[in-house]
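One line per chain: the protein sequences are L and Z, in this order.
0 is the number of the first residue of the first sequence in numbering that gives the first Met the number 0; add one for each residue after it.
0 is the number of the first residue of the second sequence in numbering that gives the first Met the number 0; add one for each residue after it.
Protein chains: 2
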Amino acid sequence: MKTEYKILLTEDDENLGMLLREYLEAKGYETDLLPDGEEGYNAFMNKKYDLCIFDVMMPKKDGFTLAKEVRMVNTDIPIIFLTAKSMKEDIVQGFKIGADDYITKPFSMKELLFRIEAILRRTVGSNVAQAAYQLGRYKFDTQKQQLIDEQSDSMVKLTTKESELLKLLCINANKVLERNFALKTIWVDDNYFNARSMDVYITKLRKHLKGEESVAIINVHGKGYKLVM
Amino acid sequence: MKTEYKILLTEDDENLGMLLREYLEAKGYETDLLPDGEEGYNAFMNKKYDLCIFDVMMPKKDGFTLAKEVRMVNTDIPIIFLTAKSMKEDIVQGFKIGADDYITKPFSMKELLFRIEAILRRTVGSNVAQAAYQLGRYKFDTQKQQLIDEQSDSMVKLTTKESELLKLLCINANKVLERNFALKTIWVDDNYFNARSMDVYITKLRKHLKGEESVAIINVHGKGYKLVM
DNA sequence: ATTTGCTGTTAATTATTGTTAAAACATGAT
DNA sequence: ATCATGTTTTAACAATAATTAACAGCAAAT
Chain L
0 MKTEYKILLT EDDENLGMLL REYLEAKGYE TDLLPDGEEG YNAFMNKKYD
50 LCIFDVMMPK KDGFTLAKEV RMVNTDIPII FLTAKSMKED IVQGFKIGAD
100 DYITKPFSMK ELLFRIEAIL RRTVGSNVAQ AAYQLGRYKF DTQKQQLIDE
150 QSDSMVKLTT KESELLKLLC INANKVLERN FALKTIWVDD NYFNARSMDV
200 YITKLRKHLK GEESVAIINV HGKGYKLVM
Chain Z
0 MKTEYKILLT EDDENLGMLL REYLEAKGYE TDLLPDGEEG YNAFMNKKYD
50 LCIFDVMMPK KDGFTLAKEV RMVNTDIPII FLTAKSMKED IVQGFKIGAD
100 DYITKPFSMK ELLFRIEAIL RRTVGSNVAQ AAYQLGRYKF DTQKQQLIDE
150 QSDSMVKLTT KESELLKLLC INANKVLERN FALKTIWVDD NYFNARSMDV
200 YITKLRKHLK GEESVAIINV HGKGYKLVM
């Protein structure tokens with residue numbers, strides 16, 4: 000099962016745009032090409048993309064403005080800017096907005112592809128479970144279901160449910176882990192009682208992690224929980 | 000508490016190496032410079048680094064071999080390759096090994112710095128990725144949903160809604176944040192009651208920020224609110 | 001000036017989450 | 001099968017967050 004990644008590309012130069020789209024589609028990315036920032040924004044709001052590539056210089060709405068608006072709705076989606084070589088200042092500004100990468104024109108399409116792959120490997124790919132997570136001073140071993148305090152060199156055994164929940168939180172670190180999702184994956188059924196059971200486990204995990212200031216499980220009201228670190 | 004990031008740099012050209020190390024240290028990165036792959040590997044095994052920068056062409060052990068060995072021990076650590084412009088094939092190989100980025104010589108040190116920052120923002124994610132806004136004496140951490148008063152060194156926890164709204168205001172600092180836009184992004188639906196709810200949260204935010212004269216949330220009649228500072 | 005519609009603020013209501021403890025359930029050892 | 005132990009769920013109540021209601025104040029339009 001290999002889901003196709005969806006790319007939102009905005010580029011006002013029609014020739015370059017079409018060329019890029021064709022290339023990206025050939026490489027297996029579903030690509031939507033929009034000619035300016037406004038249309039790009041509309042497209043973004045109407046479809047779920049995995050990555051954005053915005054030309055900086057565009058009519059109606061430039062790439063940075065578009066990126067800001069996109070960031071308001073989605074803080075995580077990777078954004079790559081296409082920028083003219085001379086504009087060093089653009090690059091600085093781009094990173095401030097939260098660019099994931101930038102690429103200066105002219106560029107080879109291969110180069111762009113490498114960047115895309117590298118980013119997707121990190122962002123989407125980071126959603127893949129790992130064997131162990133570092134939570135500040137604690138190391139969480141998902142296999143052994145252990146939380147090791149590397150400072151005092153002590154260890155706490157986690158129960159199955161504790162471990163499963165913490166693992167889900169880790170996989171979604173710094174993102175919201177939706178209640179329903181967690182309930183369906185761990186408790187199978189998402190009724191009222193299971194939701195309360197989950198709350199109980201959140202309390203337990205918070206106690207386990209309270210020795211590390213930089214790590215916290217915060218509640219996102221009505222949505223779920225977020226492991227921040 | 001700002002932990003210094005540790006960088007492992009291998010580069011056989013002594014002049015370039017020293018220059019880079021000097022620059023990176025000036026930018027606040029603790030940098031160890033090793034002249035070849037073998038010494039680089041020894042250093043890696045003896046210390047905990049946050050990021051690696053490997054020259055591809057090195058005596059004794061080239062950058063790719065070194066990277067492969069490092070990857071066996073640590074699958075996550077970001078690796079940036081320094082490679083000669085001509086060697087397009089190098090780049091392909093580099094990404095196969097799992098490079099996070101590559102940079103072709105000659106390059107500007109600023110450019111390298113941007114790459115480093117971008118990668119650290121993503122991977123370590125911890126310190127830099129947390130979009131934090133400075134509001135006069137207050138520092139607003141969007142991830143942890145906290146408002147830190149840096150003068151009294153006290154902290155106030157924000158609720159999810161408070162945090163979301165303040166974040167939108169910050170993104171649009173000194174510009175009008177339109178009511179409808181905020182309602183649609185935070186409350187999803189922009190009916191009368193949600194609009195009143197938003198007003199209540201504006202009051203709450205104003206209270207939170209009243210300790211700082213230079214920051215204010217002003218109303219733009221019929222349009223929305225503007226965070227001025 | 002008066003009306004209408006927006007905004008400011010506080011308090012009451014409702015919904016969600018935090019926490020603790022007891023009950024129910026599971027598991028392996030005797 | 002029974003017991004001892006640890007895990008998970010349920011229950012109960014406390015605390016917090018979000019919405020709604022109510023009324024006061026202000027801004028723009030007629």
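No residue lacks a Cβ here, since even glycine has one placed at the ideal position from N, Cα and C.
Treat the numbers as computed from the prediction; the structure is a model and nothing was measured.
message: For L/Ser153 and L/Ile147, I'd like the C-alpha separation in whole angstroms.
response: 6 Å
Counted within 10 angstroms of its Cβ, other Cβ atoms place Z/Lys209 as buried (16 or more) or exposed: exposed
task: For L/Thr30, count neighbouring C-beta atoms within 10 Å of its own C-beta (all shown protein chains included) and say buried if the count is 16 or more, exposed if not.
output: buried
message: Let me confirm a value: Z/Arg114 is counted as buried when at least 16 other C-beta atoms fall within 10 Å, else exposed. Which label applies?
response: buried
task: Output yes if chain Z places a C-beta closer than 8 Å to the C-beta of L/Ile52; else output no.
output: no
Span separating the alpha-carbon of Z/Gln144 from that of Z/Leu157: Taking the straight line joining both Cα atoms gives about 5 Å.
- prompt: Closer than 8 Å, Cβ to any Cβ of chain Z: which residues of the stretch 163-184 of chain L, in chain order?
  reply: Result list: Ala172, Asn173.
message: Here's the rule I'm using: 16 or more other beta-carbon atoms within 10 Å means buried, otherwise exposed. How should L/Ser162 be labelled?
response: buried
task: Would you please verify whether the beta carbon of L/Ile217 is less than 8 Å from any beta carbon of chain Z?
output: yes
- prompt: For L/Gln142, does the count of other Cβ atoms within 10 angstroms reach 16, so buried, or fall short, so exposed?
  reply: exposed
- prompt: If you check the beta carbons only, do L/Leu32 and L/Leu8 fall under 8 Å apart?
  reply: yes
- request: Output yes or no for whether 8 Å exceeds the beta carbon distance between Z/Lys206 and Z/Ile217.
  value: no
message: Beta carbons nearer than 9 Å to chain Z: which residues of the stretch 196-227 of chain L have them?
response: Taking 9 Å as the Cβ-Cβ cut-off against chain Z, the residues of the stretch 196-227 of chain L that qualify are Glu212, Ser213, Ala215, Ile217, Asn218, Val219, His220, Gly221, Lys222, Lys225, Val227.
- prompt: Using DSSP with H/G/I as helix, E/B as strand and the rest coil, what is L/Lys5?
  reply: strand
query: In three-state DSSP terms, what is Z/Glu163?
result: helix
- request: Could you tell me which of Z/Tyr22, Z/Phe80, Z/Glu212 sits nearest to Z/Lys109, measuring between CA atoms?
  value: Z/Tyr22
task: Tell me, please, whether the CB atom of L/Val72 is closer than 8 Å to any CB atom in chain Z?
output: yes
- prompt: Between L/Ile6 and the rest of its own chain, which residues show a CB-CB distance below 8 Å, the 5 nearest in sequence each way excluded?
  reply: Cβ neighbours of L/Ile6 beyond the five flanking positions: Leu23, Tyr28, Glu29, Thr30, Asp31, Tyr48, Asp49, Leu50, Cys51, Ile52, Ile115.
- prompt: Residues of chain Z with a CB under 7 Å from the CB of L/Lys59: which are they?
  reply: The premise fails here: L/Lys59 is roughly 18 Å from chain Z at the closest Cβ pair, so nothing lies under 7 Å.
- prompt: Does any C-beta atom of chain Z lie closer than 8 Å to the C-beta of L/Lys67?
  reply: yes
- prompt: Going along chain L, which residues have a C-beta under 8 Å from Z/Gln144?
  reply: Ile217
- prompt: For L/Glu10, which of L/Asp35, L/Tyr4, L/Arg70, L/Glu3 has the nearest alpha-carbon?
  reply: L/Asp35
task: Can you say whether Z/Leu19 is buried or exposed, counting buried as having 16 or more other CB atoms within 10 angstroms of its CB?
output: buried
- request: Using the Cα positions of Z/Asp188 and L/Thr64, report the straight-line distance between them to the nearest angstrom.
  value: 24 Å
- prompt: Whose Cβ in chain L lies nearer than 8 Å to the Cβ of Z/Lys160?
  reply: His220
task: Drop a sphere of 10 angstroms on the beta-carbon of Z/Asp54, count the other beta-carbons inside from all chains shown, and report buried for 16 or more, exposed for fewer.
output: buried
task: Thinking Z/Ile170 and L/Arg70 are a contact (beta carbons under 8 Å), I'd like their distance in whole angstroms, please.
output: 7 Å
message: Just to confirm my understanding: we take Z/Ser125, look at its own chain, exclude 5 residues before and 5 after, and list those with CB closer than 8 Å. What are they?
response: Unreliable positioning characterises Z/Ser125 in this predicted model, as indicated by a pLDDT of 33, which lies under 50. The coordinate reading is nonetheless provided below. Answer for Z/Ser125: no residue qualifies.
- request: Give the straight-line distance between the Cα atoms of Z/Gly39 and Z/Thr82, rounded to the nearest whole angstrom.
  value: In a straight line, the C-alpha of Z/Gly39 is about 17 Å away from that of Z/Thr82.
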